[in-house]
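Taking our numbering, the leading residue of the sequence shown gets 1115, the next gets one more, and so forth. All remarks here apply to the structure that follows.
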Amino acid sequence: MKAEYLIKVILPPFVIFAVLVGLTITKVITGWLMYALWIVGFVVANLIVTKITAKWSYQRRRAIRLKEEATKKRHENSKD
1115 MKAEYLIKVI LPPFVIFAVL VGLTITKVIT GWLMYALWIV GFVVANLIVT
1165 KITAKWSYQR RRAIRLKEEA TKKRHENSKD
């Protein structure tokens, strides 16, 4: 995996959890609010990573499909 992809996957959850850790350590968030924000943080981080990886997967499959179609057309044209 390329470094730019890793940064896009790792950076958003890292920032989310860095903020949550900072707020928890400084006791800005405590009790039920802390639990709720951590759960929301996990959900949001998972959604971001899922969206990014799904987009890459779609682009990769599309490129493969286009390449296959091009080779199929070339093969059909060579038969003529």
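Don't be surprised by glycine CBs; every beta carbon is placed ideally from N, CA and C.
Check	Outcome
Inter-residue Cα distance where the pair is Leu1151 and Val1135	11 Å
Between the CA atoms of Val1158 and Ile1124 - distance to the nearest angstrom	13 Å
Euclidean distance between Cα positions of Lys1122 and Ile1166	8 Å
Assigned secondary structure, Val1142 (DSSP; H/G/I helix, E/B strand, else coil)	coil
Reduced DSSP category for Lys1116 - H, G, I as helix; E, B as strand; rest coil	coil
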